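Each residue of the sequence shown is one higher than the one before, starting from 6 at the first, in the working numbering.
A short write-up of the structure that comes next.
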Amino acid sequence: MCGIAGILSQQSEPPSIEQLGAMAASLSHRGPDEFGVYRDANAGLAHARLSIIDLSTGQQPLCNEDGNLWVVFNGEIFNYLELRSELIALGHVFRTQSDTEVIVHAFEAWGEGAFSRFNGQYAIALWHSQTKTLTLVRDRVGARPLYFMEHHGRVYFASEVKAIFAAD
């Protein structure tokens, strides 16, 4: 199990590395193997990783080839190998063996329709830096939690509520 967190801040200061680090640190029990952070002028993503699939190159946050679509992900996409094959046939090029990268390419190929193709347990945050769009989604059963709130013009999200409070 991993932990994800982040802040969308389109009308105030960008989230700080310290805030994102504090959010990830509060989730360290969910993913003690690695920590990752992405930040731009409008959003920040944080990830606490428990390495299960693609131990050497599955770090998160992970981006597409253009560097404009970023993802943090908790869970597992059970049918990622089948989806990966389909995406390769469509011309997508993969850098990792992870199910996380399948999410990025599937979203590029099928938009929000990608989520209905996933068989698994997941909580996903996708940040598109060009369109300034944050997409938050979790599996239909809710096996992987995803909490969010709006406060003072910012949207906070995380795998656990305590990570949201760790930001401020």
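Glycine included, C-beta positions come from ideal geometry on N, C-alpha and C.
Every value quoted in this text rests on a predicted model; they were computed, and no experiment measured them.
Can you tell me where the beta strand (DSSP E) with residue i in it begins and where it stops?
| i | result |
| --- | --- |
| residue 126 | 125 to 133 |
| residue 10 | 8 to 13 |
| residue 138 | 138 to 143 |
| residue 23 | Here residue 23 belongs to no beta strand (DSSP E); instead the alpha helix (DSSP H) covers 22 to 31. |
| residue 77 | 74 to 82 |
| residue 113 | Segment 104 to 115 is the alpha helix (DSSP H) holding residue 113; no beta strand (DSSP E) there. |
Leaving out five residues before and five after residue i in sequence, what residues of the same chain have Cβ atoms less than 6 Å from its Cβ?
| i | result |
| --- | --- |
| residue 19 | 46 |
| residue 123 | 82 |
| residue 79 | 7, 9, 128, 149, 164 |
| residue 134 | 45, 73 |
| residue 110 | 92, 97 |
Look at the alpha carbon of residue i and the alpha carbon of residue j, and state the distance between them as a whole number of angstroms.
| i | j | result |
| --- | --- | --- |
| residue 108 | residue 87 | 12 Å |
| residue 74 | residue 132 | 6 Å |
| residue 53 | residue 68 | 16 Å |
| residue 11 | residue 70 | 22 Å |
| residue 15 | residue 23 | 18 Å |
| residue 137 | residue 49 | 12 Å |
| residue 77 | residue 118 | 18 Å |
| residue 42 | residue 28 | 10 Å |
| residue 34 | residue 26 | 14 Å |
| residue 21 | residue 65 | 18 Å |
| residue 144 | residue 126 | 5 Å |
| residue 115 | residue 39 | 30 Å |
| residue 169 | residue 147 | 19 Å |
| residue 89 | residue 112 | 12 Å |
| residue 172 | residue 130 | 17 Å |
Please go through the same chain and pick out, in chain order, the residues whose beta-carbon is closer than 7 Å to the beta-carbon of residue i, but skip the five residues on each side of it.
| i | result |
| --- | --- |
| residue 153 | 141, 160, 161, 162 |
| residue 120 | 142 |
| residue 167 | 31 |
| residue 17 | 158, 159 |
| residue 59 | Confidence at residue 59 is low in this model, with a pLDDT of 49, below 50, so its placement is unreliable and the value that follows should be read with caution. Excluding residues within five positions, the ones whose Cβ falls inside 7 Å are 101, 102, 103. |
Locate the alpha helix (DSSP H) running through residue i, then write down its first and last residues.
| i | result |
| --- | --- |
| residue 163 | Counting along the chain, residue 163 falls outside any alpha helix (DSSP H), though it belongs to the beta strand (DSSP E) covering 159 to 163. |
| residue 97 | That residue, residue 97, is in no alpha helix (DSSP H); it is neither H nor E in DSSP. |
| residue 34 | First-last for residue 34: undefined, no H or E at that position. |
| residue 168 | 166 to 171 |
Which partner residues does residue i have in the DSSP bridge list?
| i | result |
| --- | --- |
| residue 44 | 49 |
| residue 85 | According to DSSP, which records beta bridges pairwise, residue 85 is partnered with nothing at all. |
| residue 67 | 76 |
| residue 155 | 160 |
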